[in-house]
Amino acid sequence: MTDIFIIRGGFFGWEFTLKLVYVILGLILCIYDWKKNKRKDYFLIFIFGTILYIGSEIMLYFFGGRVMQEKLLFGTDISSMPWLWIPLLSLGDVVMLAVIALFFADRIRETETRKKWGILFIVWLVGRDLLPYIILFSLGSTFDTIAIGDPLIYSRRNMTETGTLISLSLFVAIGVIWLIRTNKKSRKRGLFMVGVMLILMTVWSFGEWFSGQRWIEVGSEGSWTHAPPFIEFGMFLYDIVIEMGLFTLCFLAIPAIFKLIKSED
């Protein structure tokens, strides 16, 4: 089987200061919802998501499934400190997005708050996922400028690494089974979370691809080539739907299964 890699060729591949900002934002949302709604659901998602995704990143680190170059935090390269950059990568890339997705989902699914939070969600999408990439594109960063096969690219992750695929399948199955078996209101909550995540990831992935920040490569080490269009589209779809949409659902499902998050009756 040919190895397939997802590439980060831009600032999100090396800029860990931004990831730290996202971690802080995620914690602020957890605290806000706790104070506002007297529940700790977001903290539980933050904790379980951190445990699950750090485990995935540790596997990638030790088995060489993700290769990264410099990792800058406030201008300092922290590549020699995996104890620091692995948690930051896990939290800033995935866990924070799960918290944000549920935050918007919980408010958009309620009729009384749908309009207000729907508008704020659009503002978030435009501010985070459209404007930065439009600016990058206008400055000359386009898909035509990408460095295919560059061994020193900022981040290259093997999407077909066996251990990752097995663990991902397990956690996706847990989330889907919970979604099917839970009650109607909890199912609605889970579906809205997945829906918001799919929108977030679709807009962000297109912006990254459009401005030459993200693409798919195939081949063995040292002979990577740009993936054919149907493979690139398929793997982006897989990343959006499976690796993010359904995988992050288990951050909500697992604490709910253990009755740590109350079912919505």
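In the numbering used here, the protein residues as written are 5 to 269.
Just so you know, even glycine gets a beta-carbon here, dropped at the ideal spot from N, CA and C.
Exercise for review: On a CA-only basis, which of E116, P86, I28 and R113 is nearest M100? Give me that one, please.
Suggested key: Taking the first residue of the sequence shown as position 1, residue 100 is located at position 96. The option with the nearest alpha carbon to M100 is I28.
Span of the beta strand (DSSP E) holding W219?
Within the sequence shown, numbered from 1, the residue matching residue 219 stands at position 215. First-last of the beta strand (DSSP E) with W219: R218 to V222.
**Report entry** DSSP beta-bridge partners of L77
**Finding:** Residue 77 sits at position 73 when you count from the first residue of the sequence shown. L77 pairs with T80.
Query raised in the report: Using 8 Å as the Cβ pair cut-off and three pairs as the minimum, do the region 175-191 and the region 253-264 touch?
Result: yes
Inspect the beta-carbon positions of M205 and A102 and report whether they are closer than 9 Å.
-> Counted from its first residue, the sequence shown places residue 205 at position 201. Counted from its first residue, the sequence shown places residue 102 at position 98. No, these two residues do not count as a Cβ contact at 9 Å.
Problem set entry | Other residues of its chain near Y65: CB distance less than 8 Å, five sequence neighbours each side excluded | As a working note, residue 65 is residue 61 in the sequence shown. Contacts found: P86 and I90.
Measure the beta-carbon distance from L24 to L77 and round it to whole angstroms, keeping in mind my assumption that it falls under 8 Å.
-> Counting from 1 along the sequence shown, the entry for residue 24 is found at position 20. Counting from 1 along the sequence shown, the entry for residue 77 is found at position 73. The Cβ separation is near 7 Å, so the contact holds.
Q) Can you list, in chain order, the residues of its chain whose CB lies under 6 Å from that of G249, leaving out five sequence neighbours each side? A) To locate residue 249, count along the sequence shown from 1; it is residue 245. Excluding positions up to five away in sequence, the list reads V198, M201 and L202.
query = Who are the near neighbours of L33 in its chain, counting only those whose CB is closer than 8 Å to its CB and skipping five residues on each side?
reply = Counting from 1 along the sequence shown, the entry for residue 33 is found at position 29. For L33, where only same-chain residues beyond five positions count, the Cβ hits under 8 Å are Y46, V103, I104 and F107.
**Message:** Once the 5 residues before and after T229 are set aside, which same chain residues still bring their CB inside 7 Å of it?
**Reply:** Locating residue 229 in the sequence shown gives position 225, counting from the first residue. Same-chain partners within the cutoff: I152, G153, E221, V222 and G223.
Can you pull the DSSP bridge partners for S159? Within the sequence shown, numbered from 1, the residue matching residue 159 stands at position 155. Answer is R12 and M72, bridged to S159.
- Determine the contact status of S159 and V98, defining contact as a CB-CB distance below 9 Å. Taking the first residue of the sequence shown as 1, we reach residue 159 at position 155. Taking the first residue of the sequence shown as 1, we reach residue 98 at position 94. No, the pair does not count as a contact, with Cβ atoms beyond the cut-off.
Have a look at G226, K40 and S215 and flag the residue whose alpha-carbon is nearest the alpha-carbon of P136.
-> By 1-based counting over the sequence shown, the position of residue 136 is 132. Comparing Cα-Cα distances from P136 to each of G226, K40 and S215, the minimum goes to S215.
- Where E61 falls: helix, strand or coil (DSSP): One-based indexing of the sequence shown puts residue 61 at position 57. Helix, per DSSP.
Could you pull out every residue in the same chain whose Cβ sits closer than 7 Å to the Cβ of K44, ignoring the five residues on either side in sequence?
Here residue 44 refers to the residue found at position 40 when the sequence shown is read from its first residue. Once the five neighbours on either side are set aside, the close Cβ partners of K44 are W38.
**Asked** Identify the residues that DSSP records as bridge partners of T300: which are they?
**Response** Shown here, the chain extends from 5 to 269; a query on residue 300 therefore has no answer.
Query raised in the report: So, helix, strand or coil for E268, using DSSP?
Result: Counting from one through the sequence shown, the residue named residue 268 turns up at place 264. Of the three classes helix, strand and coil, the one that applies to E268 here is coil, per DSSP.
For this session: Enumerate in chain order the residues of its own chain whose CB-to-CB distance from L172 is below 8 Å, with the five nearest sequence positions on each side excluded.
Result: For the purposes of this step, residue 172 is taken as residue 168 along the sequence shown, with counting starting at 1. The residues are S60, I246, E247 and F251.
task = Please list, in chain order, all residues of the same chain as L31 whose beta carbon is under 8 Å from its beta carbon, the five residues on each side excluded.
result = Counting from 1 along the sequence shown, the entry for residue 31 is found at position 27. Excluding sequence neighbours, L31 sits near F50.
Self-check item: Beta carbon of M63 nearer than 9 Å to that of G194
Solution: Indexing the sequence shown from 1 puts residue 63 at position 59. Indexing the sequence shown from 1 puts residue 194 at position 190. In this structure, G194 does not lie closer than 9 Å to M63 by Cβ.
**Q.** 8 Å Cβ shell around S83 - same chain, five flanking residues per side excluded
**A.** Position 79 of the sequence shown, counting from 1, holds the residue named residue 83. M72, Q73, E74, K75 and W89.
(message) To the nearest angstrom, how far is the alpha carbon of Y57 from that of G69?
(response) In the sequence shown, the residue the question calls residue 57 occupies position 53. In the sequence shown, the residue the question calls residue 69 occupies position 65. About 14 Å.
query = Nearest to I150 by CA position, among T6, G13, F9 and I8, is which residue?
reply = Along the sequence shown, read from residue 1 onward, the residue named residue 150 stands at position 146. The shortest C-alpha separation from I150 is found at G13.
- Query: Which class does E114 belong to by DSSP, given the choice of helix, strand or coil?
  - Reply: Against the sequence shown, residue 114 aligns to sequence position 110. Correct three-state label for E114: coil.
| With which residues is E165 paired in a DSSP beta bridge? | Your numbering for residue 165 matches position 161 in the sequence shown. Note: E165 sits in no beta bridge, so no partner.
Notebook entry, point to check: The alpha helix (DSSP H) spanning E212 covers which residue range?
Noted result: Your numbering for residue 212 matches position 208 in the sequence shown. K188 to F214 is the span of the alpha helix (DSSP H), which, as asked, contains E212.
*Which residues bound the alpha helix (DSSP H) around S142?*
Position 138 of the sequence shown, counting from 1, holds the residue named residue 142. First-last of the alpha helix (DSSP H) with S142: L135 to S142.
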